[in-house]
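J.: I am attaching a structure below and will ask some questions about it afterwards.
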Amino acid sequence: MADLKLDYAVTTAPDPLNTNTPGQIQIAVTNPGRVRDLEIAQLSFGILNGLNAKDLTNDPTAIELVYPKGWGLDRTSGSEFVFTPLSRKPMPIGGEGLLFVLNKIPVNGEPGLTDLYIIERAGKAGKPPTEAGTSVQLAKFPQDFRLDAFTADPSTVGFDDATTLAWKGSKGATYSISYDDKVITHVKGDPDAKLPHDGTYRIDNLLETTTFTLDASLKTKAGSLHARRQATVTVEKAKIYQFNANPLLLDTGQKTRLIWTTNADACDISPAPGKVDAPSGAVEVAVDKTTTFTLTATKGKNTVQMGRTINVRPPKIMSFTSDAKGAVKPHDPVVLSWEVESVATLELDIDGTRHDVKDKTSFQLAPQTLSKCTLAATGDGPPQSRSLDIAVVPPEFGDIRVNMVIGASPTFECNFSIQSRYSSSMRIELDQDGFSIDSVTGFNTVQDDAWVAQFPLKLPAALFFKDKMFTLTAGQMNGQFVKRDFPIKAYNVDP
1 MADLKLDYAV
11 TTAPDPLNTN
21 TPGQIQIAVT
31 NPGRVRDLEI
41 AQLSFGILNG
51 LNAKDLTNDP
61 TAIELVYPKG
71 WGLDRTSGSE
81 FVFTPLSRKP
91 MPIGGEGLLF
101 VLNKIPVNGE
111 PGLTDLYIIE
121 RAGKAGKPPT
131 EAGTSVQLAK
141 FPQDFRLDAF
151 TADPSTVGFD
161 DATTLAWKGS
171 KGATYSISYD
181 DKVITHVKGD
191 PDAKLPHDGT
201 YRIDNLLETT
211 TFTLDASLKT
221 KAGSLHARRQ
231 ATVTVEKAKI
241 YQFNANPLLL
251 DTGQKTRLIW
261 TTNADACDIS
271 PAPGKVDAPS
281 GAVEVAVDKT
291 TTFTLTATKG
301 KNTVQMGRTI
311 NVRPPKIMSF
321 TSDAKGAVKP
331 HDPVVLSWEV
341 ESVATLELDI
351 DGTRHDVKDK
361 TSFQLAPQTL
371 SKCTLAATGD
381 GPPQSRSLDI
391 AVVPPEFGDI
401 RVNMVIGASP
411 TFECNFSIQS
421 RYSSSMRIEL
431 DQDGFSIDSV
441 TGFNTVQDDA
451 WVAQFPLKLP
461 AALFFKDKMF
471 TLTAGQMNGQ
481 FVKRDFPIKA
491 YNVDP
């Protein structure tokens, strides 16, 4: 016989059935996988007729039948009830399923186990239905047997908390409670005392939602009969339903908004901000580097965690420029400009002098000499830097004149008048005798960045007995310089 295509849930009232007591069997039929195009052509339910322990009733004609709309009783053989669609065509089963009831069953007087037989004819639309069957075993307890409610109080507990199970049944049966892989058969703390028919039992340290099953076992001539009840205890553990951030990607120092929803009594986020609102809330945090924030939610004795990583872009220098158009004159203003993103620190180094420019986008300087400028950025990632040079025009010479007054031997009075631009120092050297003199005084500034250096000197007359070559050097502070040779003719002088 083929496998069943439908599911069947069978319950009885009373539960369990009692001998010599009218009973009821309910059969709920469902399409377990919501299989499309599944159609039912016929359903039949069979019972055993007789007075023995294995039989359900000796009077099946007293049974009242209840069946779904659109279905009808096709035939009965006394102990088998066959149902078919009134349309005489296979019909689909809806999402709510079908319910068939065998009501007012005159259960016979012999305790024991009896079978309910189920046969289906079902299949895909457009194809011949296939037949499949199964059986469900039902217990018939003595007429006076009862198994009342099995309860758990409280039915909802916190993590690692306790509940108390309570039950009440008839005497004469053996009682046990099972859950997970455990079976309880004796009173707590007394291994010699079996569980009573009317009692309680405390369950400690519940860590998970648990279903407990109470089993009442009664021995009869036909064998052992079992009646069962169940009670479920829900363990409320700490839960984090969401822990998000917006945005998840940002620049160094920017803020993100952390958002969380839990069922917790207390919440904490690390690294800081620390303790936050529970069970839900939001907070803004500034992030300097890629960081994983961990939300810890606590409910009672239970703690759960969830992490959320906020990524920070690495530092980047998009541009670093100056407004200088080629070499500039000494002391002319030059503006450096830059564009950066995601920086923690930003420094501008000009010839070894560092400036903190994190909150700036430009810097003005007035170079006297060639200046080396380096912009350095740090952040979450490798440091970045860019460099540029500010060139300064080299020194230039203008007119050079020497006025010489022939005085009494052994010295001459000389006055060098030297015009130069873009220089900050001047040096005069003789081509022999190791004579030299520096001077930065006596400058008379004139237009167009030119100045005149006046060098009043008293030189030994003996220097001028023959032609002399003076070397003039005009320099800048960074060592940039130009030289110019200037000859002086010999004077016919009697020392």
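According to our numbering, the sequence shown is numbered sequentially starting from 1.
Glycine included, every Cβ here is placed at the ideal spot set by N, Cα and C.
It should be emphasised that the depicted structure is a prediction, and the values quoted were computed from it without experimental measurement.
1. For the beta strand (DSSP E) containing F159, name the first residue and the last one.
2. May I have the straight-line CA-CA distance separating W260 from T210, to the nearest angstrom?
3. On the three-pair Cβ rule with 8 Å, is the segment 218–225 touching the segment 234–241?
4. What's the C-alpha gap between P14 and V235?
5. Apply the 10 Å Cβ neighbour rule to P382 and answer buried if 16 or more other Cβ atoms are within range, or exposed otherwise.
6. What does the Cβ neighbour count give for L6, buried or exposed, with the cut at 16 atoms within 10 Å?
7. Can you tell me whether K188 is buried or exposed? The criterion is at least 16 other CB atoms within 10 Å of its CB, across all chains shown.
8. Could you tell me which residues DSSP pairs with A282 in its beta bridges?
9. Which residues in the same chain have their Cβ closer than 7 Å to the Cβ of K104, if we skip the five residues on either side of it in sequence?
10. Is G169 buried or exposed, if buried means 16 or more other CB atoms sit within 10 Å of its CB?
11. Considering only residues of the same chain and omitting the five flanking positions on each side of W338, which have a CB-CB separation below 7 Å?
12. With a CB to CB cut of under 6 Å and the five nearest residues on each side skipped, what residues in its chain are close to A9?
13. Quick check on this structure: which residue in Q368, L365, I177, L348 has the alpha carbon closest to the alpha carbon of D359?
14. Does the beta-carbon of P487 have 16 or more other beta-carbons within 10 angstroms, so that it is buried, or is it exposed?
15. Could you check what DSSP says for P314 in three-state terms: helix, strand or coil?
16. State buried or exposed for Q447, treating a residue as buried only when at least 16 other CB atoms are found within 10 Å of its CB.
17. Determine whether the beta carbon atoms of L218 and P106 lie at a separation below 9 Å.
18. Using 9 Å as the threshold, is the C-beta distance between L102 and F45 below it?
19. For P330, which residues from the same chain have a beta carbon less than 6 Å from its beta carbon, with the 5 sequence-adjacent residues on both sides left out?
20. Which of the three DSSP states is assigned to A391 in this structure?
21. Can you say whether D389 is buried or exposed, counting buried as having 16 or more other CB atoms within 10 angstroms of its CB?
22. For T213, which residues in the same chain have their Cβ closer than 8 Å to its Cβ, ignoring the five residues on either side in sequence?
23. A245 bridges to which residues according to DSSP?
24. Which value, in whole angstroms, describes the spacing of the CA atoms of S135 and S87?
25. Buried or exposed for N444, please, with buried defined as at least 16 other CB atoms from any protein chain shown within 10 angstroms of its CB.
26. From P16 to K299, what does the alpha carbon distance come to, in whole angstroms?
27. For the segment 303–359, which segments carrying the beta strand (DSSP E) assignment without a break, of at least 3 residues, lie completely within its bounds, in sequence order?
28. With which residues is N18 paired in a DSSP beta bridge?
29. Quick check: the segment 146–165 against the segment 72–89, are there 3 or more CB pairs under 8 Å?
30. Taking 9 Å as the threshold (C-beta atoms), are Q364 and V343 in contact?
31. Leaving aside the five residues before and after T220 along the sequence, list all residues of the same chain whose C-beta is less than 6 Å from its C-beta, in chain order.
32. Would you call the segment 112–132 in contact with the segment 190–201, where contact means no fewer than 3 C-beta pairs closer than 8 Å?
33. Does the Cβ of D251 have 16 or more other Cβ atoms within 10 Å, making it buried, or fewer, making it exposed?
34. For K54, list the residues DSSP reports as bridge partners.
35. Can you give me the C-alpha to C-alpha distance between T151 and Q26, rounded to a whole angstrom?
36. Can you tell me the Cβ-Cβ gap for L258 and N311, rounded? I've got them flagged as a contact below 8 Å.
T.: The relevant details are as follows:
1. For the purposes of this step, residue 159 is taken as residue 159 along the sequence shown, with counting starting at 1. Element bounds for F159: n/a, residue is neither H nor E.
2. Position 260 of the sequence shown, counted from the start, is the residue given in the question as residue 260. Position 210 of the sequence shown, counted from the start, is the residue given in the question as residue 210. When rounded, the distance between both Cα atoms is 28 Å.
3. Too few Cβ pairs lie closer than 8 Å, so no.
4. Locating residue 14 in the sequence shown gives position 14, counting from the first residue. Locating residue 235 in the sequence shown gives position 235, counting from the first residue. When rounded, the separation of the alpha-carbon atoms in P14 and V235 is 31 Å.
5. Within the sequence shown, residue 382 is the residue found at index 382, counting from 1. Around the beta carbon of P382, a 10 Å sphere encloses fewer than 16 other beta carbons of the protein chains shown; the residue is thus reported as exposed.
6. Position 6 of the sequence shown holds residue 6. Residue burial is scored here from C-beta neighbours: L6 has at least 16 other C-beta atoms within 10 angstroms and is therefore classed as buried.
7. As a working note, residue 188 is residue 188 in the sequence shown. K188 comes out exposed.
8. What you label residue 282 is simply residue 282 of the sequence shown in a count that begins at 1. Residue pairing from DSSP places A282 in a beta bridge opposite I259.
9. Taking the first residue of the sequence shown as 1, we reach residue 104 at position 104. Hits under 7 Å: P22, A62, I63, E64.
10. Position 169 of the sequence shown holds residue 169. Taking all protein chains shown into account, G169 has 16 or more neighbouring C-beta atoms within 10 Å of its C-beta and is therefore buried.
11. In the sequence shown, the residue the question calls residue 338 occupies position 338. I317, S319, F320, T361, L375, listed in sequence order.
12. The residue labelled residue 9 in the question sits at position 9 within the sequence shown. A distance below 6 Å between beta-carbons, with the five flanking residues on each side excluded, links A9 to the following residues of its chain, in chain order: A28.
13. As a first step, residue 359 is located in the sequence shown; it is residue number 359 there, counting from the start. When only C-alpha atoms are compared, the closest one is L348.
14. For the purposes of this step, residue 487 is taken as the residue at position 487 of the sequence shown. By the Cβ neighbour-count rule, P487 is exposed, with fewer than 16 other Cβ atoms within 10 Å of its own.
15. The count along the sequence shown starts at 1 and reaches residue 314 at position 314. Here DSSP, grouped into helix, strand and coil, assigns P314 to coil.
16. What you label residue 447 is simply residue 447 of the sequence shown in a count that begins at 1. With a pLDDT of 43 at Q447, under the threshold of 50, the predicted position of this residue should be treated as unreliable, though the coordinate-derived value follows. Classification of Q447: exposed, given that the 10 Å Cβ count is below 16.
17. Position 218 of the sequence shown, counted from the first residue, corresponds to residue 218. Position 106 of the sequence shown, counted from the first residue, corresponds to residue 106. Between L218 and P106, the C-beta spacing is not below 9 Å.
18. On the sequence shown, position 102 is the one that residue 102 refers to. On the sequence shown, position 45 is the one that residue 45 refers to. Yes. Within cutoff.
19. For the purposes of this step, residue 330 is taken as the residue at position 330 of the sequence shown. Apart from sequence neighbours up to five positions away, the residues of its chain that approach P330 with a beta-carbon distance below 6 Å are Q368, V392, Y422, ordered along the chain.
20. Against the sequence shown, residue 391 aligns to sequence position 391. In the structure shown, the three-state DSSP call for A391 is coil.
21. On the sequence shown, position 389 is the one that residue 389 refers to. An exposed status is given to D389, since fewer than 16 other beta-carbon atoms sit within 10 Å of its beta-carbon.
22. Indexing the sequence shown from 1 puts residue 213 at position 213. For T213, same chain residues with a beta-carbon under 8 Å away, outside a window of 5 residues either side, are I177, S178, Y179, R228, R229, Q230 in chain order.
23. Mapped onto the sequence shown, residue 245 falls at position 245. L258, per the DSSP bridge assignment.
24. For this step, residue 135 is matched to residue 135 along the sequence shown. For this step, residue 87 is matched to residue 87 along the sequence shown. Rounded to the nearest angstrom, the two C-alpha atoms are 28 Å apart.
25. Numbered from its first residue, the sequence shown carries residue 444 at position 444. With a pLDDT of 41 at N444, under the threshold of 50, the modelled position of that residue is not reliable, and the figure given next carries that caveat. N444 is exposed by the Cβ-count criterion.
26. For the purposes of this step, residue 16 is identified with residue 16 of the sequence shown, where counting begins at 1. For the purposes of this step, residue 299 is identified with residue 299 of the sequence shown, where counting begins at 1. P16 and K299: Cα-Cα distance of roughly 40 Å.
27. Listed in chain order, the beta strand (DSSP E) elements of length 3 or more contained wholly in the segment 303–359 are 316–322, 334–341, 345–350, 353–356.
28. Sequence index remark: in the sequence shown, residue 18 carries index 18 (1-based). F141, per the DSSP bridge assignment.
29. Inter-segment contact for the segment 146–165 and the segment 72–89 is absent: fewer than three beta-carbon pairs are separated by less than 8 Å.
30. Along the sequence shown, one-based indexing puts residue 343 at 343. Along the sequence shown, one-based indexing puts residue 364 at 364. In this structure, V343 keeps its C-beta atom at 9 Å or more from the C-beta atom of Q364.
31. Residue numbering aside, residue 220 sits at position 220 when the sequence shown is read from its first letter. Cβ-Cβ distances below 6 Å link T220 to P111 in the same chain, with the five nearest sequence neighbours on each side left out; the list follows chain order.
32. Contact fails between the segment 112–132 and the segment 190–201, because fewer than three Cβ pairs, one in each stretch, are under 8 Å apart.
33. Within the sequence shown, the letter at position 251 stands for residue 251. With 16 or more other Cβ atoms from the protein chains shown falling within 10 Å of its own Cβ, D251 counts as buried.
34. The count along the sequence shown starts at 1 and reaches residue 54 at position 54. Under the DSSP definition of a beta bridge, K54 lacks any partner.
35. For this step, residue 151 is matched to residue 151 along the sequence shown. For this step, residue 26 is matched to residue 26 along the sequence shown. Put simply, the backbone Cα of T151 is about 24 Å away from that of Q26.
36. To locate residue 258, count along the sequence shown from 1; it is residue 258. To locate residue 311, count along the sequence shown from 1; it is residue 311. Between the beta-carbon of L258 and that of N311 there is about 14 Å, and that puts the pair past the 8 Å contact cut.
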